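Structure first, commentary second.
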Amino acid sequence: MRMILKPNFISSIVPRGHSTVRNFATNSARLSGLVQTKVHDNGYTVLSMNKKPVNSLSLEFLKELDKELELVQTNSKGLVLTSTMPTIFCAGLEITEMYQPDLARLREFWYTVQGVFLKIYGCKIPTVACMNGHSLAGGCFLALACDYRVMVGPKYLVGLNETQLGIAAPFWIQEPMTQAIGFRKSLLALMLGTAFNAQEALNIGLIDEMVANTEEAHKQSDVIMTKFLKIPSLAYHQTKMQMRNDLYNRLNDNREKDVDNFVDFIMLPSVQAQLGAYLEALKNKAKKK
Amino acid sequence: MRMILKPNFISSIVPRGHSTVRNFATNSARLSGLVQTKVHDNGYTVLSMNKKPVNSLSLEFLKELDKELELVQTNSKGLVLTSTMPTIFCAGLEITEMYQPDLARLREFWYTVQGVFLKIYGCKIPTVACMNGHSLAGGCFLALACDYRVMVGPKYLVGLNETQLGIAAPFWIQEPMTQAIGFRKSLLALMLGTAFNAQEALNIGLIDEMVANTEEAHKQSDVIMTKFLKIPSLAYHQTKMQMRNDLYNRLNDNREKDVDNFVDFIMLPSVQAQLGAYLEALKNKAKKK
Amino acid sequence: MRMILKPNFISSIVPRGHSTVRNFATNSARLSGLVQTKVHDNGYTVLSMNKKPVNSLSLEFLKELDKELELVQTNSKGLVLTSTMPTIFCAGLEITEMYQPDLARLREFWYTVQGVFLKIYGCKIPTVACMNGHSLAGGCFLALACDYRVMVGPKYLVGLNETQLGIAAPFWIQEPMTQAIGFRKSLLALMLGTAFNAQEALNIGLIDEMVANTEEAHKQSDVIMTKFLKIPSLAYHQTKMQMRNDLYNRLNDNREKDVDNFVDFIMLPSVQAQLGAYLEALKNKAKKK
């Protein structure tokens, strides 16, 4: 069944620019258009999140992302993860999935978040986050799961700001942060729920490069991806996973228990109250506009 | 029994300044005055070490500290740890506890050191070290157990200088250092027993902020504590402990074994000889003055 | 048997300069001259790698190194590891040991590499790498196993560039890198097989000091060794090993399994092909000259 999708990865001739765009959604009924992929002339795949208005990670969007990631991992030699939104890479988890939820759906939601993380963090091909806008909470953690982070700045924000909403990020979201910026900066940022601007993020190592605009972000993503693709792929992946396997396995071997912990925490009355208040504030903000 | 102490946490009206001082020793026979507490107008507790001349951590002082920490943790919403001495935050463990000791007391001493560390490191409320002077050895490690470190500088010294006395700090004193400044800087500083001045400490991340004087230290401690207290407390504590539980549990589950290791090491003739020589040098230094 | 070598550690009078040179090879049949030792006036031993032209780590050279390290550890109070080559500290593992190898010899080769690492990393006396030239792959990892790194710069290169040859460094080579420069910088450098110049290496903490020439390197190695030797040796070693025991034991307890993993990886057709191509390129390069 996977074979019929392979043509999507064949690059066609494009008069100008470096890439050819193929939206899976246009040729496959099972794709909703929430995720777009294009094959870059240099042979890797650019996967763009396309869920208006802020790429909030709902269950359906995450499932779509998971499927596409699997296809890219199997069929392509590299992955650049980006967004079609002009100022947003990804705003994080869809809050309504967690407020007064159906418990079965909540469990599936969290299991799918885990799956997307594992797929990117353990990806068999090199991965680059091309962060063309704000990257908060889940958006930050998608980027942290990649092998490299290029971000447009200095004004866009990035960070794991979960505590601001009354949520504690689980160990497998905290640890990639610690791996990127070290224990101390990570502890402080996580406790405070800090959102860094891109310049601050660059200074502490939360991103690897800051660029002026989206075009530059794609250009620099191509530069690093080209370097990654010159390394023999077996040595690249084994080296990467030797450093990531500990966390990968701790999550992968304990997904059900982690779902239990998440559900127990989210369903606490005080946490539900905070999520409700946050959604109310968002609604009022929207009304004012 | 704890109830009768609660009034101590009620802030009284103070004409100027930000805090009201209540010395437990003045209203309770079981308090010796080695530890003073005051409730800040913003609702958290300032705990001041008050053992002249250098807040050296003797068994009695540690027991007092442990009791007060428990009271603060139970009754207050935040803890600022500081000292009443004008130039000393804390000079570390009382050396005489370790030189030619009674073995039963030595064991209790070390068990109490562990307990004070665990209480601060795993504290259920936000903690800030307001380091108004030198913070060496045990003084540094009390600060490292807190969530944030504000220190007066640049001249005061901070560091785990145990090897200078011939002592190896145990894993649970070494690791908070590594968590603060990273493995390499920690290894080198611990091997050499380095005492950093506050400016150097700031540069490597051993402290979070350097200020010019004690007043500023209290002011900045209040600024960060206010930020901490804005975060929903459950998310704050769970986030903190998720990063600290590994070390917390490794010590908490192995206290007796760690006491054994400590006692075995301290009682080595070569270590006793070094401690003796150090005490002799202190005595001669005092005579010259 | 070891006693007869002890005279080598007795420093003789030297008119100028700081050290006396004794080449074990000149007085002992079992020494080939691949390793030279001298006893510094300050009482520690300078061990110089002397395998022309680039100190490539062959099985015989590694065995020699291992024996000498054991002697130094037993008889001396400190170790400075350096090279007699004017521009090379050590170029890494001898590639011909890994290309179309005899399997029994390949196993012994890797076991000996492990042994040399363990001996330096867990050395009972302080160790300083005096890196007087390029320090790549195995050369970088010998330096990382020491307690301190002084390197001549800025032009010489240092790094774990294994992936450039299609090889994945095992966990016990990766982790000392992570201990030195942190997880993120280490992951990126290891995936890309980056060779840093000495200035870059200093900036990220891969070396501790950069100096202008070999003479300065020996001078600064003496400065730090003198500091190390002032620390009571028991406290120094216990402090060091408390931070290193986890990695030391994970390798030491799993040497056979690690040999298996290494042999399985190296014997993969794709890895052999890459090593063959690399050796061919070296040969052609040599012919052109």
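Chains as they are written, first to last, in my numbering: chain A, 833 to 1121; chain B, 833 to 1121; chain C, 833 to 1121.
Don't be surprised by glycine CBs; every beta carbon is placed ideally from N, CA and C.
Remember, predicted model here, so these are calculated numbers, not experimental data.
In chain order, Thr869, Thr877, Leu879, Leu911, Ile957 place their CB closer than 8 Å to the CB of C:Val904, counting only its own chain and leaving out the 5 sequence neighbours on each side.
Residue-level contact by beta carbon fails for A:Gln1031 and chain B, as no gap is shorter than 7 Å. For A:Glu940, the enclosing alpha helix (DSSP H) stretches over residues 935-953. Using a 10 angstroms sphere on the CB of B:Ser1102, the tally of other CB atoms stays under 16, which defines it as exposed.
Proximity of chain B to A:Ala936 at the Cβ level (cut-off 7 Å) is not reached, the minimal Cβ distance being about 24 Å. Against chain B, the beta carbon of A:Arg1016 has neighbours under 7 Å at Gln1011, Ala1012, Gly1037, listed in chain order.
Apart from the 5 residues on each side of it in sequence, B:Asn1093 sits with its Cβ closer than 8 Å to the Cβ of Pro1002 in its chain, given in chain order.
No Cβ of chain B is located within less than 7 Å of the beta carbon of A:Gly991.
Distance from the Cα of B:Asn1045 is smallest, within the candidate group B:Lys895, B:Pro918, B:Gly1037, for B:Pro918. Relative to A:Phe1097, the option among B:Glu900, B:Lys884, B:Leu1066, B:Thr1010 whose CA is nearest is B:Leu1066. Following the DSSP letters along the chain, one finds C:Glu900 inside the alpha helix (DSSP H) bounded by residues 891-907.
With a beta-carbon spacing of about 7 Å, A:Tyr988 and A:Asn1029 fall inside the 8 Å limit used to define contacts. Contact of A:Thr959 with chain C is not assigned, every C-beta pair being separated by 7 Å or more. Per the coordinates, the alpha-carbon of B:Lys909 lies some 19 Å from the alpha-carbon of B:Met881. Using a Cβ-Cβ cut-off of 7 Å, B:Ala1000 counts as an interface residue toward chain C, since at least one Cβ of chain C sits closer than that to its own. Distances from the alpha-carbon of C:Arg939 to those of C:Gly970, C:Ala923, C:Ser890 put C:Ser890 closest.
A:Lys1072 is positioned such that its CB atom lies closer than 7 Å to that of C:Met1023. The DSSP assignment places complete beta strand (DSSP E) segments of no fewer than 3 residues inside the region 1012-1072 of chain C at 1041-1043, in order along the chain. In this structure, C:Ser967 is the residue among C:Asp1090, C:Ser967, C:Tyr1110, C:Arg1076 with its C-alpha nearest to the C-alpha of C:Val886. In this model, C:Tyr931 and C:Arg937 are separated by some 12 Å (Cα to Cα).
When 8 Å is used as the limit between beta carbons, B:Ile1063 is near these residues of chain A: Thr995, Gln996, Met1023, Leu1024, Gly1025, in chain order. Only exposed fits C:Leu1114, as fewer than 16 other CB atoms lie within 10 angstroms of its CB. When C-beta atoms of the region 999-1013 of chain A are compared with those of the region 1079-1087 of chain B, fewer than three pairs fall below 8 Å, so the two segments do not count as touching.
Residue environment: C:Val1055 is assigned as exposed (fewer than 16 neighbouring CB atoms within 10 Å of its CB, all protein chains considered). For the 7 Å CB-CB criterion, B:Leu866 and B:Phe893 form a contact.
C:Phe1015 places its beta carbon 7 Å or farther from that of C:Gly965.
Identification of chain B residues near A:Phe1003 by a Cβ-Cβ cut-off of 7 Å yields Gln1074, ordered along the chain. Residue range 1101-1120 is occupied by the alpha helix (DSSP H) that includes B:Ala1109.
Residues of chain B whose Cβ lies closer than 8 Å to the Cβ of A:Gln1104 do not exist, since the nearest Cβ in that chain is about 12 Å away. Taking C-beta separations shorter than 7 Å and ignoring five residues to either side along the sequence, the partners of B:Leu1038 in its chain run Val990, Ala1012, Ile1013, Phe1028, following chain order.
Residues of the region 1041-1067 of chain B that bring their beta carbon within less than 8 Å of a beta carbon in chain A comprise Lys1059, Phe1060, Ile1063, Pro1064, Leu1066, Ala1067, in sequence order.
Excluding sequence positions up to five before and after C:Trp942, its CB lies within less than 6 Å of the CB of Val1091, Phe1094, all in the same chain and listed in chain order. In the DSSP assignment, the residues bridged to B:Cys922 are B:Ser967. Taking 7 Å as the upper bound on Cβ-Cβ separation, chain C lies near no residue of the region 899-919 of chain A. In the three-state reduction of the DSSP assignment, C:Leu911 falls in the strand class.
The continuous alpha helix (DSSP H) containing C:Val1095 extends over residues 1087-1098.
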